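Take a look at the structure set out below.
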Amino acid sequence: MEQQVAAARALVSSASRVLVLTGAGISTDSGIADFRGPNGVWTKNPEAEKTSHLRYYLDDPEVRRAAWRNRLTSPIWSARPNAGHLALVSLWESGRLDTVVTQNIDGLHLAAGLPPEVVVEIHGNAHSVVCWSCGETAPMERALDRVRSGEDDPACRSCDGILKSTTVSFGQQLDPSDLSRAAAAGARADLLLAVGSTLSVYPAADLVPTALRRKIPVVIVNAEPTEFDPYVDVVVRGSISSVLPEIVRGGRPLPGSSDPA
Ligand code: APR
Numbered sequence: 002m003e004q005q006v007a008a009a010r011a012l013v014s015s016a017s018r019v020l021v022l023t024g025a026g027i028s029t030d031s032g033i034a035d036f037r038g039p040n041g042v043w044t045k046n047p048e049a050e051k052t053s054h055l056r057y058y059l060d061d062p063e064v065r066r067a068a069w070r071n072r073l074t075s076p077i078w079s080a081r082p083n084a085g086h087l088a089l090v091s092l093w094e095s096g097r098l099d100t101v102v103t104q105n106i107d108g109l110h111l112a113a114g115l116p117p118e119v120v121v122e123i124h125g126n127a128h129s130v131v132c133w134s135c136g137e138t139a140p141m142e143r144a145l146d147r148v149r150s151g152e153d154d155p156a157c158r159s160c161d162g163i164l165k166s167t168t169v170s171f172g173q174q175l176d177p178s179d180l181s182r183a184a185a186a187g188a189r190a191d192l193l194l195a196v197g198s199t200l201s202v203y204p205a206a207d208l209v210p211t212a213l214r215r216k217i218p219v220v221i222v223n224a225e226p227t228e229f230d231p232y233v234d235v236v237v238r239g240s241i242s243s244v245l246p247e248i249v250r251g252g253r254p255l256p257g258s259s260d261p262a
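This is the structure in structure tokens:
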């Protein structure tokens, strides 16, 4: 694997507009399970993937009650960024990170210190709730306090509508501004780094074929194979929180970057 890490580092250190696509694999070392890995949420409970569809959530109060119970005990609230998230902050400090498009809803890239203008949370995030009828939003913590006080499916205080986390469920439209920011980054990047994703969910995964069509270097860092492995420049099969710092290390900071070195 040493050879792949060195090859990946060589490509990343000579890029100046790196687009990073992250998936659940970058957050497992922060205590948040992924979906399709050996201990993934869908791996362990295929039924759960079905009921994570928007339709089930809106139509079935029992699905909502179960979702609120899961939110109460989610590891997201106590999770902290790990060395993988921090490696991307140092890539940004070197002036060579263009954008992180993340499929994750845990907010850990922002918590690690990346500015919002370089992060696209393309599947939303779990830290707020939105009323499906009137669109009013509120902090998730406030809704969880209502659940802790006994409301097992809290409704919107303004219009009594259904409250949903500001994540994007299957069957739900992605935010058009997120999609255009991700596409713009995909059109100007000079390297794509895909980290901790099976690259099996679209449109996020579209960033890989786009990069291949533009003939820019593509590096995949993932513990398990993806369908794109045979087509990319380098595949690093390793633990993200140990290999990602190695891959981004040593790139000379670009003039005007915020890197103190
Ligand atoms: N180091 C390296 N790879 C890891 C690590 C780790 N520490 N932990 C997990 N992985 C790998 C797993 O082997 C798996 O291949 O990360 C990948 C995570 O893939 P998925 O679980 O499919 O997660 P992701 O690709 O982000 O899923 C995309 O699917 O369910 C929806 O909306 C959800 O955003 C999610 C989307």
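So the sequence shown is residues 2 to 262, counted in this note's numbering. Here a beta-carbon is modelled for each residue, glycine too, at the ideal position from N, C-alpha and C. What you are looking at is a predicted structure, and each value in this text was computed from that prediction instead of being measured.
- Message: Could you give the first and the last residue of the continuous alpha helix (DSSP H) run that contains Ser-14?
- Response: 3 to 14
- Ends of the alpha helix (DSSP H) at Lys-51? 47 to 52
- Message: Less than 8 Å between the C-beta atoms of Thr-100 and Val-119, yes or no?
- Response: yes
- Item | Three-state secondary structure (DSSP) of Ala-139 | strand
- Message: Under 8 Å: do the stretch 76 to 91 and the stretch 24 to 36 share three or more Cβ pairs, one atom per stretch?
- Response: yes
- Query: Can Gln-124 be considered in contact with the ligand APR, in the sense that its beta carbon sits closer than 7 Å to one or more heavy atoms?
  - Reply: Gln is not the amino acid found at residue 124; the sequence shown has His there. The answer is yes for His-124.
- Check whether the Cβ of Phe-36 lies closer than 7 Å to any heavy atom of the ligand APR, and answer yes or no. yes
- Query: If you compare alpha carbons, which of Asp-153, Ala-139, Met-141 is closest to Arg-65?
  - Reply: Asp-153
- From which residue to which residue does the beta strand (DSSP E) around Gly-125 run? 125 to 132 is the span of the beta strand (DSSP E), which, as asked, contains Gly-125.
- Of all the CB atoms in chain C, is at least one closer than 8 Å to the CB of Glu-152? This model lacks chain C altogether, as it is built from one protein chain only.
- Where Leu-111 sits in the DSSP three-state scheme: helix
- Task: Assign Ala-113 to buried or exposed, taking buried as 16 or more other Cβ atoms, counted over all protein chains shown, within 10 Å of its Cβ.
- Result: buried
- Can you say whether Ala-127 is buried or exposed, counting buried as having 16 or more other CB atoms within 10 angstroms of its CB? buried
- What are the residues that DSSP puts in a beta bridge with Ala-156? Looking at the DSSP output, Ala-156 bridges to Ile-163.
- Query: Pick from Gly-38, Glu-94, Val-131: whose alpha carbon is nearest that of Pro-226?
  - Reply: Gly-38
- Item | Own chain partners of Asp-230 with C-beta closer than 8 Å, once the 5 adjacent residues on each side are dropped | Ile-221, Val-236
- Leu-20 and Ala-186 look like a contact to me (Cβ under 8 Å); what is the Cβ gap, rounded to whole Å? 5 Å
- Message: Cutting at 7 Å between CB atoms, please list the residues of its own chain near Asn-40, excluding the five before and the five after it.
- Response: Same-chain partners within the cutoff: Ala-34.
- Item | Near the ligand APR: Val-202 beta-carbon under 7 Å from a heavy atom | yes
- For Asp-60, which of helix, strand or coil comes out of DSSP? helix
- Give the secondary structure of Val-235 by DSSP, where H, G and I count as helix, E and B as strand, and everything else as coil. strand
- Message: Assuming contact is defined by CB atoms lying nearer than 8 Å, are Ala-205 and Leu-22 in contact in what I supplied?
- Response: yes
- Report the three-state DSSP secondary structure of Asp-99 (helix, strand or coil). Asp-99: strand per DSSP, three-state reduction.
- Would you decide whether Glu-1 is buried or exposed? Buried here means 16 or more other CB atoms lie within 10 Å of its CB. There is simply no residue 1 to check, as the chain begins at 2 and stops at 262 in what is shown.
- Just how far apart, CA to CA, sit Asn-83 and Gly-108? 12 Å
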